[in-house]
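Trainee:
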Amino acid sequence: MQPCDFVVFGAHGDLATRKLVPSLYQLDKAGLLEPDLRIVGVARREMALDEYLALARESLTTFMKEPVDAQVWERFAGRLRYVCLDLASHDQYSKLREIIDPVKRVMVNYCAVPPSIYGDICRGLAQAGLVTPQTRVVLEKPLGTDLASSKVINDAVAQFFKEEQVYRIDHYLGKETVLNLVALRFANSIFTTNWDNTTIDHVQITVAEEVGIEGRWGYFDKSGQLRDMVQNHLLQILSLVAMEPPVTLGSESIRNEKLKVLKALRPITKDNIEEKTVRGQYAAGFLKGGPVPGYHEEEAGNPRSFTETFVALRVDIDNWRWAGVPFYLRTGKRMTKKLSEVVIYFKRLPHNIFRESYKNLPSNKLIIRLQPNEGVEIEMLNKVPGIGSGVKLQRTTLDLSFSEAFESAHVADAYERLLLSALEGSQSLFIRRDEVEQAWTWIDSIQDAWRTSNDAPMPYPAGTWGPVASVALMARDGRAWDE
Ligand code: BG6
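Heads up, our numbering is the position in the sequence shown plus 1, with the first residue counted as 1.
(1) Any idea if N303 is buried or exposed, counting beta-carbon neighbours within 10 angstroms, 16 or more meaning buried?
(2) If you drop the 5 nearest sequence neighbours on each side, which residues of the same chain put their C-beta closer than 7 Å to that of L28?
(3) Relative to the C-alpha of D37, which candidate in R106, A89, F161, F311 has its C-alpha closest?
(4) Per DSSP, which one or two residues make a beta bridge with T398?
(5) Thinking just about the alpha-carbon of each residue, which of A413, Y359, V208 is nearest to the one in N383?
(6) Cβ of V43 within 8 Å of any heavy atom in the ligand BG6?
(7) Pairs of beta-carbons, one from the region 108-115 and one from the region 70-87, closer than 8 Å: are there three or more?
(8) Can you look up H352 in the DSSP assignment and give me helix, strand or coil?
(9) Per DSSP, which one or two residues make a beta bridge with P304?
(10) Please say whether I345 and V181 have beta carbons closer to each other than 9 Å?
(11) Per the contact definition of three or more C-beta pairs closer than 8 Å, is the region 241-258 in contact with the region 281-292?
(12) For a test of the three-state rule: what should DSSP assign to D317, helix, strand or coil?
(13) Note the first and the last residue of the continuous beta strand (DSSP E) segment covering R418.
(14) Less than 9 Å separating the beta-carbons of F187 and P268?
(15) Within the same chain, show all residues whose beta-carbon is closer than 7 Å to that of V212, passing over the 5 residues directly before and after it, in chain order.
(16) Would you list the one or two residues that DSSP bridges to Q205?
(17) Consult DSSP for P247 and reduce its assignment to one of helix, strand or coil.
(18) For Q372, which beta-bridge partners are listed by DSSP?
(19) Leaving out the 5 sequence neighbours to the left and right, which residues in its chain are closer than 6 Å to S483 when beta-carbon positions are compared?
(20) Which residue's Cα is closest to the Cα of T199: D70, A49, A324, E67?
(21) For the region 420-471, which segments carrying the beta strand (DSSP E) assignment without a break, of at least 3 residues, lie completely within its bounds, in sequence order?
(22) Counting only beta-carbon separations shorter than 9 Å, does I201 have a partner in chain D?
(23) Roughly how far, in whole angstroms, is the beta-carbon of Y83 from the beta-carbon of L126, given that I think they are within contact range, below 8 Å?
(24) To the nearest angstrom, report how far apart L56 and A413 are at their CA atoms.
(25) Given that a residue counts as buried once 16 or more other Cβ atoms are within 10 Å of its Cβ, and exposed if not, what is I101?
(26) Measuring only from the beta carbon, is Y173 closer than 8 Å to any heavy atom that is part of the ligand BG6?
(27) For the beta strand (DSSP E) containing A113, list its first residue and its last residue.
(28) So F311 packs on Q226, CB below 8 Å; how close in whole Å?
(29) Pull up the CB-CB distance for I447 and T278, whole angstroms please, since I reckon it's below 8 Å.
(30) Here's a check: name, in chain order, each residue in its chain whose Cβ is nearer than 6 Å to the Cβ of D222, leaving out the five neighbours to either side.
(31) Give the secondary structure of K264 by DSSP, where H, G and I count as helix, E and B as strand, and everything else as coil.
(32) Among the residues of its own chain, which have a CB less than 6 Å from the CB of Q135, if the five just before and after it don't count?
(33) Nearest CA to the CA of V139: which residue from K366, V114, L399?
(34) Quick check on H352: buried or exposed, where buried means 16 or more other Cβ atoms within 10 Å of its Cβ?
(35) Below 8 Å, how does it come out for the region 115-125 and the region 152-160: are there three or more Cβ pairs, yes or no?
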């Protein structure tokens, strides 16, 4: 790696303290940071370096499960710098130019601030002569709230940075098990040859959260679960499950294939919105034995808000591989438990010779558990051992738990992997502009149809799997959610 400086805009913010500083520390601990890499915190607040060090140390003690190692901390603290500047004042970026030579060093600029400021940061950097071909910019979501607003953000960045310098984060792409989807599909012949509409009946993708909106009403109420989770995380998972084999693992190969899937998504419009989507909003309920407030009762909540906290969708992919294979997506806040999984339901057998034991043979299932308890399961039927007459079948599970199979002291957080990739200059785990825009095009059509119908989301008690209408969405197709 070339000598590098990692600059965090928004050094006091939640993302920087909760995720970025602990992840950089872990990379340092693992010996993955170049010895002379510097981490420059940037924010408007005046602060002496000592105070910034104290803030960084506090974020490590607060957000890491393990104690801070004194030796690693000493090395890590030696990398930290702090620059105070007003991000909207472009002339102040010269303060960064005083300590960074962007010709001799790679400058990775992480925008951990609201997207409305991305354009200012890029302009400020350019004005201070800090943008060279090796300067990079890392952008956090949300990249807009629809196609038009995402174009405004991307255009503002593109004035100063070429696409190969822009790293758009979707932290799900840094998750071990999401990456494993590619390994599972393309390193195992049993799956490469059994992954289309001749063998697969349907696919379910669930991302259920226990948390509510965690004090983020201001952001979330304007966004809702469709834009907050489906536009990015769920569509990225779906693309990895559905894409054609990429030619290589290179970033353009993978991103080209994901884009093709996004382009093949059948639009959901006002004509089919009712049969293809369910919107829910949590009401007061119980989680882990304790009462939790409903969405309207959240701090600073608005009792008239129609914002959805749950979405279920039937998605069709119009291409040769997936014709006739629906993908069912659901995601919600305040659900029964935190669980993200992809379940592949294989087709039923055309004929059953075991009718005495099993009237309707259940289909095989491949369950890819993304979080928690990461792992892969295959559900299949086996003969119950015994010498009695007839063959008795029983449903059994081949269960591969990653924590048991791969002994590893430290499971890397998604941000560790993503920060390392950005430092190494590899874009394969980051989203390309055309992917973001294609995803927005598809989401906008749903959002427009909901707006036209102006129906309130269906209430569901916190601590459940969402509105019963989501069960009905599957039942209409003769299917049920994996429980
Ligand atoms: C974020 C969303 O992108 O992902 C949050 O803005 C959501 O609303 C979070 O809670 C979920 O991430 P994870 O890694 O906890 O599944």
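Even glycine gets a Cβ: it sits at the ideal position worked out from N, Cα and C. Every value quoted in this text rests on a predicted model; they were computed, and no experiment measured them.
Mentor: The relevant details are as follows:
(1) Translated into positions along the sequence shown, residue 303 becomes position 302. N303 comes out exposed.
(2) Mapped onto the sequence shown, residue 28 falls at position 27. Answer for L28: L34, E417, L420, L421, listed in chain order.
(3) Numbered from its first residue, the sequence shown carries residue 37 at position 36. Out of R106, A89, F161, F311, R106 has the C-alpha closest to the C-alpha of D37.
(4) The residue you call residue 398 lines up with position 397 of the sequence shown. Residue pairing for T398: DSSP places it in a beta bridge opposite E380.
(5) Here residue 383 refers to the residue found at position 382 when the sequence shown is read from its first residue. It is Y359.
(6) Along the sequence shown, read from residue 1 onward, the residue named residue 43 stands at position 42. No, the beta carbon of V43 sits no closer than 8 Å to any heavy atom of the ligand BG6.
(7) Touching, no, given that fewer than three Cβ pairs across the two stretches are closer than 8 Å.
(8) Counting from one through the sequence shown, the residue named residue 352 turns up at place 351. Three-state DSSP puts H352 in coil, outside helix and strand.
(9) Start at 1 with the first residue of the sequence shown, and residue 304 comes out as number 303. Looking at the DSSP assignment, P304 forms no beta bridge with any residue, so it has no partner.
(10) Here the question's residue 181 lines up with position 180 in the sequence shown. Here the question's residue 345 lines up with position 344 in the sequence shown. In the sequence on display, residue 181 carries Asn and not Val. No. Outside cutoff.
(11) no
(12) Indexing the sequence shown from 1 puts residue 317 at position 316. Note: D317 maps to coil in three-state DSSP.
(13) The count along the sequence shown starts at 1 and reaches residue 418 at position 417. Premise fails: R418 lies in the alpha helix (DSSP H), 415-425, not in any beta strand (DSSP E).
(14) Mapped onto the sequence shown, residue 187 falls at position 186. Mapped onto the sequence shown, residue 268 falls at position 267. No, these two residues do not count as a Cβ contact at 9 Å.
(15) Numbered from 1 along the sequence shown, position 211 holds the residue referred to as residue 212. Contacts found: K334.
(16) In the sequence shown, counting from the first residue as 1, residue 205 sits at position 204. Y329, V344, per the DSSP bridge assignment.
(17) Along the sequence shown, read from residue 1 onward, the residue named residue 247 stands at position 246. In the structure shown, P247 falls within a coil segment according to DSSP collapsed to helix, strand and coil.
(18) If you number the sequence shown from 1, residue 372 lands on position 371. According to DSSP, Q372 bridges with S341.
(19) For the purposes of this step, residue 483 is taken as residue 482 along the sequence shown, with counting starting at 1. Correcting the residue identity first, residue 483 is Asp in this sequence and not Ser. Q205, V344.
(20) By one-based count along the sequence shown, residue 199 stands at place 198. Per the Cα distances, A324.
(21) Qualifying beta strand (DSSP E) stretches, in chain order: 459-462.
(22) Judged by its chain identifiers, the structure shown contains no chain D, having just a single protein chain.
(23) One-based indexing of the sequence shown puts residue 83 at position 82. One-based indexing of the sequence shown puts residue 126 at position 125. 17 Å between Cβ atoms; not a contact.
(24) Here residue 56 is taken as the residue at index 55 of the sequence shown, counted from 1. Here residue 413 is taken as the residue at index 412 of the sequence shown, counted from 1. Each residue's Cα considered, the two are about 23 Å apart.
(25) As a position in the sequence shown, residue 101 is number 100, starting the count at 1. By the 10 Å Cβ count, I101 comes out buried.
(26) Residue numbering aside, residue 173 sits at position 172 when the sequence shown is read from its first letter. Yes.
(27) Along the sequence shown, one-based indexing puts residue 113 at 112. First-last for A113: undefined, no H or E at that position.
(28) Counted from its first residue, the sequence shown places residue 311 at position 310. Counted from its first residue, the sequence shown places residue 226 at position 225. F311 to Q226, Cβ: 6 Å. Contact.
(29) The residue given as residue 447 occupies position 446 in the sequence shown. The residue given as residue 278 occupies position 277 in the sequence shown. Sure, about 6 Å apart at Cβ, within 8 Å.
(30) Your numbering for residue 222 matches position 221 in the sequence shown. Contacts found: S306, T308.
(31) The residue labelled residue 264 in the question sits at position 263 within the sequence shown. Correct three-state label for K264: helix.
(32) Numbered from 1 along the sequence shown, position 134 holds the residue referred to as residue 135. The residues are V107.
(33) Here residue 139 is taken as the residue at index 138 of the sequence shown, counted from 1. The residue with the shortest Cα to Cα distance from V139 is V114.
(34) Residue numbering aside, residue 352 sits at position 351 when the sequence shown is read from its first letter. Exposed: under 16 other Cβ atoms inside 10 Å.
(35) yes
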